[in-house]
Amino acid sequence: MSTILDFLTKEIMVLMVAAMPVMELRVAIPMGVSLGMSPLHAMVLGIVGSMIPVPFLLLFLKPIFRKLRKMPAFRRFVEWVTHRTLKKTSRIQKYSLWGLLLFVAVPIPTTGVWSGSIAASLLDMRVKPAFAVIFAGNCIAAVIMMTLSHMAIRF
131 MSTILDFLTK EIMVLMVAAM PVMELRVAIP MGVSLGMSPL HAMVLGIVGS MIPVPFLLLF
191 LKPIFRKLRK MPAFRRFVEW VTHRTLKKTS RIQKYSLWGL LLFVAVPIPT TGVWSGSIAA
251 SLLDMRVKPA FAVIFAGNCI AAVIMMTLSH MAIRF
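Note that my numbering has the sequence shown beginning at 131, numbered continuously upward.
Written out as structure tokens, the structure is:
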């Protein structure tokens, strides 16, 4: 017997997994479908959950990195993240917002809203256009993952 608490717990789980780096909606949507949600429902929750950290990353990442660079304990980590992200962003640098859209839209490991937000922040992209493009790319990735999840349960 399913209760409202079970229903909300599943939804919160999908939202939380979608908001996590690396996992994002690539894991959240199939997980939601495996928990009995419709692919569309899981997709909507995946989009909402994965967009939660984006404004914070776009607005606060650079100032936080500046402060952390001054602390010896965090300097190496900040340099590693910065180097790793900028190494993968040549297409974003070349094509600007279109490159960011494609980077976020392709649902493969090391791409997505976290990496896209970090790249946009490090490349000094304006917040509003970057947010809009990341949202659009995230929706494209969500449709791809929803389609794959739907095909998996149909066949």
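Ideal Cβ placement from N, Cα and C applies to all residues, glycine included.
Check	Outcome
Contact check, M276 vs M201, beta carbons under 8 Å	no
Euclidean distance between Cα positions of I270 and L231	9 Å
Length-filtered (4 minimum) alpha helix (DSSP H) runs lying within the region 209-233	220-225
Nearest residue (CA-CA) to R221, options P169, R156, A250	A250
Simplified DSSP state of R199, which is helix, strand or coil	helix
Under 8 Å between C-beta atoms of E108 and V236	With the chain represented from 131 up to 285, any question about residue 108 goes unanswered, as that position is not in the structure.
Rounded C-alpha distance that separates K224 from P185	23 Å
Buried versus exposed call for K140 [16 or more other C-beta atoms within 10 Å across all chains shown]	buried
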